[in-house]
Each structure stands twice: as structure tokens, then as C-alpha cells.
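Presented below is the structure to which this report refers.
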Amino acid sequence: MTKGGRASAPAKVILFGEHFVVYGNPAILASINRRITVDARTIDKEDKIVIRSDIGLAGEYSSSGFKAIEGGTEARSALDPLHSAITQVLVARGKRTGIKVAISSDVPPGIGLGSSAAACVATVAAVNSLFQKKPSRHKICEMAIESERLIHKNSSGADCYISTFGGLIHYSSKAKGFKEIRSKGGLALVVASTGVRHSTGDLVAGVMRFKERNESLFQNLAKQAADICTQAQSAMVSGRRDKLGTLMNENQAILRQIGVSHYKVDDLIDICGKAGALGAKITGAGGGGAVIALAATKQDSARIAARARAAGYESFEVEIDRKGLI
Ligand code: MEV
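Using the UniProt record's numbering, read the sequence shown as starting at 1 and increasing by one per residue.
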């Protein structure tokens, strides 16, 4: 091994607008204080790319194909986007070298917190830094979206945007851009996991089938979801947390109608509500995954997380990350 490069990107929560964002609707997202860190090294074997993640997935790509080192078939689908990210950078930089990448994460995977987008963003940045290159954040984000599309071909790009730029944002895939939201007061947020892992690509495909069969209902729900986003943005700016909680519940009712909820999501939402949450909903693709709950105060969020844990669900409070990719 010769040179080294490192980058780190945050996970995310979607507060409003998931799924509909794939069809050009707005969404409100926040990056959170959980991260994926990528260390990249060049290695002598020119045709080899080795990727190892501390969540038990590892594999080696060479001219003779892919070999799983750890994690079997799951390794391939999780690592392919990262392999694509690395080769994109090598092609862009005109380099022919072997690369070894080590990923460390404190983001629970497969529950909607954007771990694969964060891994793509950090990998693009870490491999670029190996060649003393620092492309713009926009360029890094574009490359990460292209890699993510290997596993989720209809990606709205929202996850890569929030992971690259960080903060609390209003994202529009139609306008290909985002605006920072300056919320009044902090947001006391809790993430609770159903423990049911999902494939974002499969859930997005399921919603597409729902849309095809129920076009006018879907358009109507999309309009309601867009309206909720607009109201949520102004509730954040004016610090009306009760209103924000109500809007989260309304957004969840829409997600239920398009078929991405789960009985464990309902159970968690019930637990959070009884523990004092102002509102709660799926965050990300759903189908199980994680729930995001809003509390009035930090004391309340600590209680909500504790109640969810007491009921057997992994749960933790989250802070909004302001740094994005570093
Ligand atoms: C996944 O985190 C969010 C979805 O809206 C998909 C996407 O935006 O690409 C479900």
C-alpha cells in the first residue's frame, strides 16, 4: 500500500415527502449525527479493488470478476455501488491502480437512514483525495447518485444530496437543487427501528406499481404530500412544533395509503405517541425500516427513545448534522 485518503459523510432522516420525491415532489430532509467513514489506499495489484466494511461485508473485484470475502450474496449488492463509485473516479482521473477501501459505520443499515448513499458520497470523496483532488460537492454528489442508481435505479438523488451538503434542507428533484431551512429552535428527534430491513429499490418499484394502477388517487396524494411539505417548512421557520407533529402524522397517513407502512411501524408510532411524541412517521422507504418521532423537548425525546427500547426496539435520539461531507 502506498497512499491514503479519508472522507466521512452523514446519514439522514426524511422528515417529509419520501417516495413522492421520486416523481418530482419536494421533500424535507436532515443529515444526522451518525456517519460513514471511508479510508482508501492505492495497492500494487493494478486490476484489484478490495472493499471491506465493518458491518460484516467484504469483497474483491478483479479482472476475473467478484469474490465475496465476507457476507456472501448480500456483499455483492451492497458493494457494487461502491465499486462503481471507485471506478468512476479512476476513469475521471485517468488512473490505473488497485484500490483498497475500508468502511466504518455507526449507521444501522437497511432501515432508511441513507447508509448506502452516505457510503457512496464518502467513497467518491476519499478516492478523489488519494489523487490530491477535491472536486466540488456538486460533482461528488452527482457521481454518488450515479453509483447509487446501480441498486436503486429510480433514485431521486435526495439521499446523496443531504449526505453531501448536510443540514436541514428542502429538496426538489425537479429543480435539481435544495434550499437550507432555518428552523426556529432545535428539533428534538428520535429514530426507532422496527428491525425489519428493506430494499429501497423494491419499495420504490412497489409504489410505481401502485401509481400505475391508481393514477388519479396517486396524483391526489402527491398533491397533499407537496402541500404538507410547504406547510412543514413554514412551521419549522416559525417554530410551531405542534403543527409539525400533526403534519408528520398526516404524511404517515398518506404513506400508509401507498402501501409502504408495516404493522411494526404502527406499533412504534403508537409507543412514541403514548410516550408524548408530537408526531411520528416512517423515515425513508418504509416497508418496516425506521420511524422518526418529533418531541417537544430533549427530555421528552429521551423518554420516547427509552420507551421504544423498553418495548424491544433499537432507538436513539438524533441531532441535526451541519457539516455534511468532510
Ligand atoms: C429513500 O431514502 C427515499 C425514497 O424517496 C427514494 C428516493 O428518494 O430515491 C423512498
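C-beta: ideal position from N, C-alpha, C; glycine also.
Close beta carbons around residue i, own chain, < 7 Å, minus the five adjacent residues each side
i	result
Lys12	Leu29, Ala30, Ser31, Ile32, Leu113, Gly114, Asp159, Ile162, Ser163
Gly157	Ile145, Ser173
Ala68	Gly59, Ala75, Arg76
Gly273	Ala280
Lys179	Ile169, His170
Gly312	none
Ala310	none
Thr246	Gly279
Lys133	Arg93
Ala175	none
Tyr23	Ala222
Straight-line gap, residue i to residue j (C-alpha atoms, nearest Å)
i	j	result
Ile55	Ser104	8 Å
Ile292	Lys95	43 Å
Ala27	Val21	6 Å
Ser301	Leu244	15 Å
Arg6	Ala119	12 Å
Ile43	Thr97	7 Å
Ile320	Asp106	15 Å
Ala126	Asp266	39 Å
Lys323	Gly167	7 Å
residue 331	Pro135	Nothing about residue 331 can be read from this structure; the chain reaches only from 1 to 326.
Arg137	Val101	20 Å
Arg93	Phe131	8 Å
Thr87	Glu18	30 Å
Asn25	Ile14	13 Å
Gly4	Asp39	7 Å
Lys45	Ser155	34 Å
Arg149	Gly201	9 Å
Pro10	Thr297	24 Å
Tyr61	Asn128	19 Å
Arg213	Ile99	46 Å
Ala225	Ser8	32 Å
Gly72	Ser53	13 Å
Glu215	Lys153	21 Å
Val237	Ser193	28 Å
Val91	Phe66	19 Å
Ala188	Gly276	12 Å
Glu314	Gly195	7 Å
Leu255	Asp242	20 Å
Val207	Ile140	29 Å
Phe165	Gly177	11 Å
Gln233	Ala290	22 Å
Gly284	Asn249	15 Å
residue 333	Arg34	Since the first residue shown for the chain is 1 and the last is 326, residue 333 is missing from the structure and cannot be characterised.
Glu89	Asn220	A small correction: the amino acid at residue 89 is Val; Glu does not occupy that position in the sequence shown. Rounded to the nearest angstrom, the two C-alpha atoms are 42 Å apart.
His198	Ile269	18 Å
Ala295	Ala235	14 Å
Pro109	Gln231	31 Å
Residue range of the beta strand (DSSP E) that includes residue i
i	result
Ala58	57-62
Thr123	Unbroken run through Thr123 is the alpha helix (DSSP H), 115-130; no beta strand (DSSP E).
Lys100	98-105
Pro10	4-16
Glu317	315-318
Asp54	Careful: Asp54 lies outside any beta strand (DSSP E) and carries neither H nor E.
Val38	26-43
Neighbourhood of residue i by C-beta distance below 6 Å, restricted to the same chain and skipping five residues each side
i	result
Ser63	Asp47
Val260	Leu203, Gly286, Gly287
Asn251	Phe16, Ile228, Lys281
Glu317	Val190, Ser301, Ala305
Met1	Legend: pLDDT at Met1 = 42, less than 50; position of this residue unreliable, no value from coordinates given.
Ala85	Cys120, Thr123, Val124, Ser147
Leu79	Ile51, Gly59
Element boundaries [alpha helix (DSSP H), containing residue i]
i	result
Arg137	137-148
Any non-hydrogen atom of the ligand SAM closer than 7 Å to residue i Cβ
i	result
Ile14	The ligand content of the structure shown is limited to the ligand MEV, which means the ligand SAM is not among them.
Beta-carbon proximity list for residue i, same chain, < 8 Å, skipping 5 on both sides
i	result
Phe210	Phe218, Ile258, Gly259
Gly239	Ser183, Lys184, Gly185
Please give me, in chain order, every unbroken run of the beta strand (DSSP E) with length at least 3 that falls completely inside the UniProt domain "GHMP kinase C-terminal" (234-313). 279-283, 290-295
As an exercise, report each continuous beta strand (DSSP E) stretch of at least 3 residues that is fully enclosed by the stretch 60-85, in chain order. 65-70
To test your reading of the DSSP string, which unbroken alpha helix (DSSP H) runs of 4 or more residues are found completely within the stretch 152-213? 158-165, 200-213
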